[in-house]
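A.B. asks:
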Amino acid sequence: MRLNSRLTFAVKFANFCWNHQIAPKLLAELIEVAERSTRAYVRELDAQDGNKTAKLQAEVERRAGELGFGVEWNSCWPTLTRNGQDVYLPEPS
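The working numbering numbers the first residue of the sequence shown as 1 and each following residue consecutively.
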């Protein structure tokens, strides 16, 4: 049986919370800010104005730091790091 994209994300979200011992609400808030950052990045590509993107990326880094993660921006979606290992934040489809 193949799960639809919403259920697949729900499973990845639950596993991430379980594996990293993070409250679901905190992870949801982090993902929400990461999504806003991504949307701002895409909007500002043409405008050459990264002010909003930079602020949202700083917010992602702050929230991730509170959860014990570092952040790398290899693309417009953040990659979290912990103990020198990459940790991939679940990305809604």
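Using N, Cα and C, we set each Cβ at its ideal position, and we do this for glycine too.
1. Taking the beta carbon of glutamine 57 as the centre, do at least 16 other beta carbons fall within 10 Å, making it buried, or is it exposed?
2. For proline 92, which option in Arg62, Arg43, Trp18, Ala28 has the closest C-alpha, if you only look at C-alpha atoms?
3. Considering Cα atoms alone, identify which of Lys52, Arg36, Val11, Ile31 is closest to leucine 67.
4. Got a sec? Which residues, its chain only, sit under 6 Å from valine 87 by beta carbon, not counting five neighbours each side?
5. Glutamate 44 and lysine 52 - do their beta-carbons sit closer together than 8 Å?
6. Between the alpha carbons of glutamine 85 and arginine 62, how many angstroms are there, rounded?
7. Could you round the C-beta distance between alanine 34 and leucine 89 to whole angstroms and report it? I think they count as a contact, below 8 Å.
8. The beta strand (DSSP E) spanning arginine 2 covers which residue range?
9. Nearest-angstrom Cα distance between valine 60 and glutamate 72?
C.D. replies: From the atom records:
1. buried
2. Comparing alpha-carbon positions, the option among Arg62, Arg43, Trp18, Ala28 lying closest to proline 92 turns out to be Ala28.
3. Ile31
4. Cβ neighbours of valine 87 beyond the five flanking positions: Leu80.
5. yes
6. Roughly 19 Å separates the two Cα atoms.
7. So it is a contact: roughly 6 Å between Cβ atoms.
8. Where arginine 2 is concerned, there is no enclosing beta strand (DSSP E), given that its DSSP letter is neither H nor E.
9. 11 Å
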